[in-house]
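A quick write-up on the structure given underneath.
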Amino acid sequence: MINLERIAQHRLETVPYRWAAIDDLFSPEGAAALAASFPCDHFKLVSGYGGEKDYEYEARALISMGASDISHTEELSDAWRGLAEDMLSPDYRAAVSRLTGCDLADALLEVNVFHYGSGASLGPHPDLSDKIVTHALYFNERWNREDGGCLTILRSADPADIVAEITPLVGHSAVLVRSENSWHAVSRVVNEGCPSRRSLTATFYRAGSVSTMWPPDDATPLHRYIDTHGLADRRARWRRKLASWIR
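First residue of the sequence shown: 70, per the numbering used here; consecutive thereafter.
What follows is the structure, given as structure tokens:
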């Protein structure tokens with residue numbers, strides 16, 4: 070599913086830290102299949118306010134920390150199983166290693182899938198020190214920058230101190246090499262009545278790390294994600310159509 074040469078042959082930016090925006094990761098057919106079958110099963114709400122960073126989004130495990138198999142395969146499409154298999158492959162690890170210059174041979178990989186509904190966001194932060202490299206991929210067929218939900222590359226903790234923005238369109242991706250100043254954020258989603266912002270992060274961790282997204286004692290019940298804003302929009306369209314028939 071992934072064009073690994075696009076990753077391996079890309080060049081890192083060095084300002085304000087080491088990162089890259091990589092587009093056209095999928096064929097047109099692959100992009101369409103991934104966007105159309107984005108997972109909605111086995112999600113949990115993740116939120117926190119008033120601390121170092123505010124955040125709110127829905128998360129689903131695709132590959133658990135250090136696992137060699139795919140999580141909850143029963144409802145995944147063939148396209149999504151193929152994407153997960155690519156990420157478990159030595160070739161994907163080698164491509165990210167070549168891009169970043171980081172030795173990922175013994176790194177633990179964790180892959181999670183996210184829905185950001187209206188109002189969801191992720192405040193400015195550098196990643197935790199046990200992370201080495203994060204690769205964020207996006208899966209929306211359409212998106213307006215004005216709807217928020219963009220990954221922002223920041224010079225500092227100030228959310229307005231923006232170097233670059235990456236819109237969450239399918240095939241777009243960003244690679245971040247973790248450092249003490251690798252500030253980034255996701256701007257608040259404001260797209261009322263539209264589908265969620267849809268993304269995935271593949272993160273390589275140092276040996277011995279423990280997942281903060283899925284800690285060992287986590288008993289949070291999982292649920293099916295329902296895109297209520299998209300549902301409301303479809304219902305509104307049907308109401309307008311019904312009204313035109315009645316008239």
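Quick reminder that beta carbons are idealized off the backbone N, C-alpha and C, glycines included.
Mapping the DSSP letters down to three states, classify residue i as helix, strand or coil.
| i | result |
| --- | --- |
| Tyr126 | strand |
| Val259 | coil |
| Ser116 | strand |
| Val239 | coil |
| Ile222 | strand |
| Glu249 | coil |
| Ile76 | helix |
| Tyr294 | coil |
| Gly151 | helix |
| Ser190 | strand |
| Leu81 | coil |
| Leu131 | strand |
| Tyr185 | strand |
| Val279 | coil |
| Ser268 | strand |
| Thr289 | coil |
| Ala89 | strand |
Between the alpha carbons of residue i and residue j, how many angstroms are there, rounded?
| i | j | result |
| --- | --- | --- |
| Arg150 | His253 | 29 Å |
| Ala128 | Phe183 | 5 Å |
| Trp88 | Leu245 | 5 Å |
| Asn209 | Pro237 | 6 Å |
| Leu73 | Ser280 | 26 Å |
| Ile76 | Glu261 | 34 Å |
| Ala271 | Met156 | 8 Å |
| Tyr86 | Ser251 | 6 Å |
| Ser158 | Asp92 | 20 Å |
| Gln78 | Leu168 | 7 Å |
| Pro195 | Ser96 | 32 Å |
| Asp110 | Glu98 | 23 Å |
| Phe112 | Leu152 | 19 Å |
| Arg247 | Ile201 | 5 Å |
| Val165 | Lys122 | 27 Å |
| Thr83 | Ala100 | 29 Å |
| His141 | Val239 | 22 Å |
Between residue i and residue j, is the Cβ-Cβ spacing less than 7 Å?
| i | j | result |
| --- | --- | --- |
| Ala243 | Ala90 | yes |
| Leu223 | Ile235 | no |
| Tyr207 | His241 | yes |
| Trp283 | Ala176 | no |
| Val180 | Ile231 | no |
| Tyr124 | Asp199 | no |
| Asp296 | Ser265 | yes |
Is it right to say residue i is buried, meaning 16 or more other beta carbons lie within 10 angstroms of its own, or is it exposed?
| i | result |
| --- | --- |
| Leu94 | buried |
| Ser137 | exposed |
| His292 | exposed |
| Ala288 | exposed |
| Gly217 | buried |
| Arg309 | The pLDDT assigned to Arg309 is 41, lower than 50, so where the model puts this residue is not dependable, and the model offers no usable value. |
| Thr203 | buried |
| Tyr126 | buried |
| Ser278 | buried |
Would you say residue i faces chain B, with C-beta separation under 7 Å as the test?
| i | result |
| --- | --- |
| Ala288 | Annotation note: the requested chain B is absent from the structure, which comprises a single protein chain. |
Mind the definition here: the stretch 186 to 194 touches the stretch 251 to 260 only if three or more C-beta pairs lie below 8 Å; say whether that holds. yes
Could you say if the stretch 137 to 152 and the stretch 96 to 114 meet the contact criterion of at least three C-beta pairs nearer than 8 Å? yes
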